[in-house]
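Presented below is the structure to which this report refers.
Residue numbers (our numbering): 1 to 187.
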């Protein structure tokens with residue numbers, strides 16, 4: 001049952017990303033309307049997550065995994081929307097995109113305190129991917145280094161504070177990714 005719920009959460013997030021990408025390809029709406037609709041979808045999913053969480057509290061045992069998956073998928077939609085606003089439509093520059101991605105990450109970390117380790121893992125993974133989504137080649141090297149160091153420090157702090165070993169593993173994996181990326185760009 002738990003595996004099926006995880007699969008459905010991943011499918012929900014991928015469907016939302018597919019919806020945003022299909023909206024960019026179609027000429028049904030203007031780009032600002034497409035992005036606005038994606039933000040509304042993310043907000044609805046986040047609201048549904050909190051509604052199912054509160055409903056589960058009022059009528060135990062509830063479905064805490066469903067509310068966690070909805071929250072994670074909602075933040076993934078916000079990430080995809082920010083990436084589309086920056087990478088596809090060029091409505092926002094990279095510092096603004098980084099700010100929106102960082103706010104989404106902080107929201108996801110806050111939600112992980114309510115919903116558990118899986119959202120903490122997703123938060124750190126998405127935070128470490130944010131520079132790549134926001135045109136890592138535009139970042140000054142010092143800014144990228146500081147950002148990765150802060151996210152890594154936050155990831156390790158979250159892992160220690162909540163005793164979440166998977167968050168620590170994802171943080172280490174992200175550090176290796178940026179380490180190898182730095183080596184590749186120096187060559």
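C-beta atoms are modelled at their ideal positions from N, C-alpha and C, and glycine is treated no differently.
Fewer than three Cβ pairs drawn from the region 54-62 and the region 27-38 lie within less than 8 angstroms of each other, which leaves the two stretches out of contact. Across the structure, residue 21 and residue 8 are spaced so that their CA atoms are roughly 20 angstroms apart. The C-alpha of residue 43 is placed about 36 angstroms away from the C-alpha of residue 180. Under the criterion of beta carbons closer than 8 angstroms, residue 170 and residue 125 qualify as touching, at roughly 5 angstroms. Straight across, the Cα-Cα distance linking residue 90 with residue 96 is about 11 angstroms. In this structure, the beta-carbon distance from residue 98 to residue 140 does not fall below 9 angstroms. For the pair residue 107 and residue 166, the CB atoms are not nearer than the 9 angstroms cut-off.
Residue burial annotation: residue 14 is exposed, with fewer than 16 other C-beta atoms found within 10 angstroms of its C-beta.
Annotated three-state conformation of residue 60 is coil, per DSSP. Under the criterion of beta carbons closer than 8 angstroms, residue 120 and residue 109 qualify as touching, at roughly 7 angstroms.
For residue 163, the three-state secondary structure derived from DSSP is coil.
One thing to note: residue 12 has its Cβ within 9 angstroms of the Cβ of residue 70. If you look at residue 127, you'll find it in the alpha helix (DSSP H) that goes 117-133.
Here residue 128 is near residue 174, since their CB atoms are less than 9 angstroms apart.
Nearest neighbour of residue 138 by Cα position, chosen from 86, 163, 177 and 155, turns out to be 86.
The residues 79, 82, 130, 133 and 134, in chain order, have a CB closer than 7 angstroms to that of residue 101 in the same chain once the five nearest residues on each side in sequence are set aside.
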